[in-house]
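Residues in the sequence shown are numbered consecutively from 6, following our numbering.
Please read the structure below before turning to the comments.
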Amino acid sequence: MGEKQDMTLGVNVNVSGNVDAQGNFTASATYSQGTSNPASSNVVQSDGSVNLGNMAFSGSDYNRQTDITFTLGGTVTNAAGASLPFSFPSDPTSAITITGRDGNGVDGMTAVAGSSVQSVVLDDEDKRNRSYNYCLTIWARTDSPNPGDGVSCTLDPVIVNRAD
6 MGEKQDMTLG VNVNVSGNVD AQGNFTASAT YSQGTSNPAS SNVVQSDGSV
56 NLGNMAFSGS DYNRQTDITF TLGGTVTNAA GASLPFSFPS DPTSAITITG
106 RDGNGVDGMT AVAGSSVQSV VLDDEDKRNR SYNYCLTIWA RTDSPNPGDG
156 VSCTLDPVIV NRAD
């Protein structure tokens with residue numbers, strides 16, 4: 006019998022953002038669940054909360070690790086209403102910030118590059134039913150004096166891991 010594979014979870018991040026005439030970038034996002042393996046439901050909430058306890062875990066087929074891929078969509082506009090290109094930073098560790106909740110550490114959480122600058126993968130070892138906050142950072146090209154400025158999404162979604 007071979008090595009068990011990681012579970013996978015897709016999270017669609019629908020961004021609505023604006024860069025004003027002064028170059029200030031504000032954004033918000035709604036989230037939806039993409040493809041998961043094994044097929045699972047009710048894992049991702051529209052506020053971005055991720056509950057890995059709802060993954061259809063099968064110890065005979067999968068290990069406890071979950072690769073969570075965040076993929077950007079939506080629109081960022083400038084003050085004139087024209088669409089601006091936006092993406093995650095090229096350094097995945099700048100694209101997602103993980104912090105422990107209630108004093109928890111963040112061991113076992115690693116950000117890696119996705120298949121394009123529109124995606125970032127969080128490799129979650131799924132340790133001990135811990136909860137984590139994550140904050141995504143997106144970047145938009147602008148005509149402001151500081152092109153390439155980005156902003157951290159102000160949403161505070163949560164990742165809840167399964168109990169042992």
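In this text, a Cβ means the ideal position worked out from N, Cα and C, and glycines have one as well.
As the structure is a computational prediction, the values presented were derived from the model and not from experiment.
Helix, strand or coil for residue i, going by three-state DSSP, please let me know.
| i | result |
| --- | --- |
| S99 | helix |
| Q123 | coil |
| N138 | strand |
Do residue i and residue j have their C-beta atoms within less than 9 Å of each other?
| i | j | result |
| --- | --- | --- |
| I142 | L127 | Residue identity differs from the one stated: residue 142 is Thr in this sequence, not Ile. Taking 9 Å as the Cβ cut-off, T142 and L127 do not qualify as a contacting pair. |
| I164 | S37 | no |
| A100 | F30 | no |
| G22 | G58 | no |
| L77 | V49 | no |
| V16 | I73 | yes |
| G119 | P97 | yes |
| V81 | V117 | no |
Given a threshold of 16 other Cβ atoms within 10 Å of its Cβ, counted over all protein chains shown, does residue i qualify as buried or as exposed?
| i | result |
| --- | --- |
| P43 | exposed |
| S63 | exposed |
| R106 | exposed |
| D169 | Because D169 sits at a pLDDT of 47, beneath the cut-off of 50, its placement in the model cannot be relied upon, and the point is left open. |
| S41 | buried |
| N166 | buried |
| S180 | Here the chain covers residues 6 to 169 and nothing more, so residue 180 does not appear. |
| A26 | exposed |
| D129 | buried |
Should residue i be counted as a contact of the ligand SAM given a C-beta to heavy atom distance under 8 Å?
| i | result |
| --- | --- |
| V20 | Annotation note on the ligand SAM: not contained in the displayed structure, which lists no ligands. |
Practice task
Starting from the N-terminal side, write out each stretch of the beta strand (DSSP E) that is 3 residues or longer and does not extend beyond the stretch 15–93.
Solution key: 30–42, 67–83
Handout entry: Three CB pairs or more closer than 8 Å across the stretch 62–72 and the stretch 81–94
Key = no
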